[in-house]
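Worksheet: one structure, shown below.
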Amino acid sequence: MASAPALLVLVLACLTATQAQVKVFNLRATGLPSNLISTTDGYVKVFCSSASMGETSVINNNADPWWKEEFSYFKAQENDVLRLEVYDSDFLFDDRLGVCQRQMKLGTHTHDCYLEKGGTLNYSYTLG
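Count the sequence shown with mature numbering (1 follows the signal peptide of the UniProt record, and there is no 0) and you get residues -20 to -1, 1 to 108, in order.
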């Protein structure tokens, strides 16, 4: 039988590592760079820590895409890293335009992220 102090430590460990749902939504970009052939065919990959939450559809020939998809993950924790990778879909290989990452906090938040190759990604998330 477990001692009272050991049981208390176990309960406290469970309370500090409480899992929550994270929902990522309202993804849109502005000013994505064009190449010599066409305007950007953009899409976004979404991750919570190392877990893939999925990716958006590709929006062709649009420097200012707005993706309708929403992503949920049920094993998120406060301070986990939310990572969004923005790509330009191409025939041979996709170009990564930039990466946005942030430690998540409880509540609903909206952020702008400036991409390395130009443009801005705006997104919202709720953790709770």
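Just so it is clear, CB atoms sit at the ideal spot from N, CA and C, and this is done for glycine as well.
Could you give the first and the last residue of the continuous beta strand (DSSP E) run that contains residue i?
i: serine 52; result: 51 to 56
i: glutamine 1; result: -1 to 10
i: lysine 25; result: 22 to 28
i: glutamate 65; result: 61 to 68
CA-CA distance, residue i and residue j?
i: tyrosine 94; j: lysine 25; result: 16 Å
i: asparagine 15; j: threonine 90; result: 29 Å
i: leucine 86; j: cysteine 28; result: 14 Å
i: glycine 78; j: glutamine -2; result: 28 Å
With a 10 Å radius around its C-beta and 16 neighbouring C-beta atoms as the bar for buried, classify residue i as buried or exposed.
i: aspartate 70; result: exposed
i: glycine 22; result: buried
i: glutamate 96; result: exposed
What is the DSSP secondary structure of residue i, counted as helix, strand or coil?
i: methionine 84; result: coil
i: tyrosine 103; result: strand
i: alanine 43; result: coil
i: serine 18; result: coil
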